[in-house]
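Here is the structure we will look at.
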Amino acid sequence: MRRQNLSFDSELRHYLHMNPSEGDEDSNHRQSMSEGSLPSQGSANNSRSSPGPRKKSTTRSPSRCGSVCRLLYNFISYIVARFWGLCTAWILVLVLVYFLYGTTLALLSVLVAIVGLVYNIQDNLLYFPEEPESSRFYVAPAQSTGLPHEDLYIQTSDRVRISAVLFKQAEPLFGRAPTVLFFHGNAGNIAHRYFNAHGLYAMCGCNILFLEYRGYGRSEGRPSEAGLYRDAQAALDYLHRRGDVDTRRIVVFGRSLGGGVAIHLTSQACNRSKIAGLIVENTFTSIPDMGAVLFHLNLLRWVPLFLVKNQYFSINKVKHIRTSTLFISGVEDELVPPRMMHELFQRCGTKNKQLIRFEGGTHNETWRCQGYFTVIREFLTQVTYRETQLIKDLPPGAQRVQDTSETSSRHHIETV
């Protein structure tokens, strides 16, 4: 049986009919551990067992006009199918308005309804806590990893209880090991990321706090951009209140959507002394930019921001970061264009920044690339001991490339 893909647009795939790419992960290849982070343009039909070069698609792209018309038609079909009862009731209201007050008021009512519906449905298009099925009701116990851990509940500033798991190095290492605060993607629950716990725990020698956003897994509430930011702040404050972790060695890690959360948290001036380092992997510059990429409409970049409910404008926030930062980018990322990671790197405000690109790394499987955990281990060692030199222990084929940004005269690293 094919397991359900954790992707941003899995629910829209039937209606939008996006062109499949060959970069999606194999649905039969450790699908339960895939990262559900943002909308995917790809299909789940790739038979590769490990990341590798993609063949260029020979499919002719449709005309822009045809694509726009098809997109609008399919989007309306999706709305009607999902909210049939509400649409039926609204049609009856419009008919009454038309007969009572005329065409103009009816058209204005339609416009207001469309704007309101599009605004409020954005959460449904970004957050997928119920994919795969049962993710909201069943979270595999952390004890299944065989690692020492604590199951936690953390209360946020708006009194939402969020679930978390702290994987702990054995004593006496726990109190002096670096602690990674891990923010995941937009689907599934923290149990789908336990494979990362094994790698970080065994190969990097760190503690890991996995946070489950509000509305995900066992956490209360509903997901939202402001809510996820509150969750992240609550988790960071919790680590500083514990008293048994080394607060000088807290490193924030964000993958895909989690990268937007991590960048926001680290960019806050009040957190600069609380965070030793930042790692972001295959994340985006902003949600409007991602919308333009996914729907092939640059016009979406210019949509008034008051109509965009979830923005995650990392490209504007990253310039305020002063913490040592490691950018990890998969060259074969089929979802988030690697250029976005490069743009974030260039705009990052810290001088101690590095960009490492993994040839063959896809959006969900960059962690499988040779040297991935080695790079993270070296970065953790450097930032926790306040070292500023570039990572030395790199995967084969790595080279140093000049950083052309105005914020730093240092170098960064890319794999070729």
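All the letters of the sequence shown, read from the start, carry residue numbers 1 to 416 under the numbering used here.
Positions of the beta carbon are idealized from the N, C-alpha and C atoms, including for glycine.
Distance between beta carbons of residue j and residue i, contact taken as under 8 Å
{"i": "residue 179", "j": "residue 250", "result": "5 Å"}
{"i": "residue 309", "j": "residue 122", "result": "4 Å"}
{"i": "residue 263", "j": "residue 319", "result": "Not really, about 10 Å apart at Cβ, beyond 8 Å."}
{"i": "residue 258", "j": "residue 185", "result": "6 Å"}
Of the residues the options, the one placed nearest residue i, counting alpha carbons only
{"i": "residue 127", "options": "157, 282, 225, 108", "result": "225"}
{"i": "residue 196", "options": "378, 364, 384", "result": "364"}
{"i": "residue 231", "options": "259, 286, 158", "result": "158"}
{"i": "residue 463", "options": "160, 131, 244, 153", "result": "Since the displayed the chain opens at 1 and closes at 416, residue 463 lies outside it and no answer follows."}
{"i": "residue 238", "options": "161, 371, 258", "result": "161"}
{"i": "residue 352", "options": "279, 107, 149", "result": "279"}
{"i": "residue 245", "options": "169, 131, 142, 129", "result": "169"}
{"i": "residue 268", "options": "190, 233, 255", "result": "233"}
{"i": "residue 206", "options": "260, 189, 253", "result": "253"}
{"i": "residue 260", "options": "215, 321, 129", "result": "321"}
{"i": "residue 219", "options": "242, 198, 243, 190", "result": "190"}
{"i": "residue 368", "options": "328, 212, 385", "result": "328"}
{"i": "residue 221", "options": "185, 129, 125", "result": "129"}
{"i": "residue 385", "options": "291, 302, 372, 275", "result": "275"}
{"i": "residue 432", "options": "270, 199, 142, 371", "result": "Nothing about residue 432 can be reported from this structure: the residues present for the chain run from 1 to 416 only."}
{"i": "residue 149", "options": "198, 133, 192", "result": "198"}
{"i": "residue 418", "options": "362, 304, 124", "result": "What is shown of the chain runs 1 to 416, which leaves residue 418 out entirely."}
{"i": "residue 131", "options": "304, 215, 291", "result": "215"}
{"i": "residue 181", "options": "112, 255, 116", "result": "255"}
{"i": "residue 271", "options": "354, 240, 115", "result": "240"}
{"i": "residue 335", "options": "362, 112, 108, 371", "result": "362"}
{"i": "residue 333", "options": "311, 358, 354", "result": "358"}
{"i": "residue 133", "options": "356, 372, 312, 192", "result": "192"}
{"i": "residue 115", "options": "305, 140, 290, 377", "result": "305"}
Short Cβ contact (8 Å threshold) for residue i with residue j
{"i": "residue 147", "j": "residue 229", "result": "no"}
{"i": "residue 380", "j": "residue 204", "result": "yes"}
{"i": "residue 282", "j": "residue 366", "result": "yes"}
{"i": "residue 247", "j": "residue 277", "result": "no"}
{"i": "residue 307", "j": "residue 138", "result": "no"}
{"i": "residue 300", "j": "residue 288", "result": "yes"}
{"i": "residue 208", "j": "residue 183", "result": "no"}
{"i": "residue 266", "j": "residue 194", "result": "no"}
{"i": "residue 338", "j": "residue 293", "result": "no"}
{"i": "residue 273", "j": "residue 314", "result": "no"}
{"i": "residue 187", "j": "residue 235", "result": "no"}
{"i": "residue 340", "j": "residue 284", "result": "yes"}
{"i": "residue 135", "j": "residue 227", "result": "no"}
{"i": "residue 360", "j": "residue 331", "result": "yes"}
Practice task
Check whether the stretch 328-348 touches the stretch 165-177, taking contact to mean three or more Cβ pairs, one atom from each stretch, closer than 8 Å.
Solution key: no
Handout entry: Ordered list of alpha helix (DSSP H) runs contained in the stretch 326-378, each at least 4 residues
Key = 338-347
Practice task
Go through the stretch 276-335 residue by residue and report every complete run of the beta strand (DSSP E) that reaches 3 residues or more, in order.
Solution key: 277-281, 324-330
Problem - Within the stretch 104-178, ranges of the beta strand (DSSP E) (whole runs, at least 3 residues) - result: 149-155, 161-167
Problem - Continuous beta strand (DSSP E) assignments of at least 3 residues falling wholly in the stretch 242-279 - result: 250-255
Handout entry: Residue ranges of each beta strand (DSSP E) within the stretch 188-243, 3 or longer
Key = 207-211
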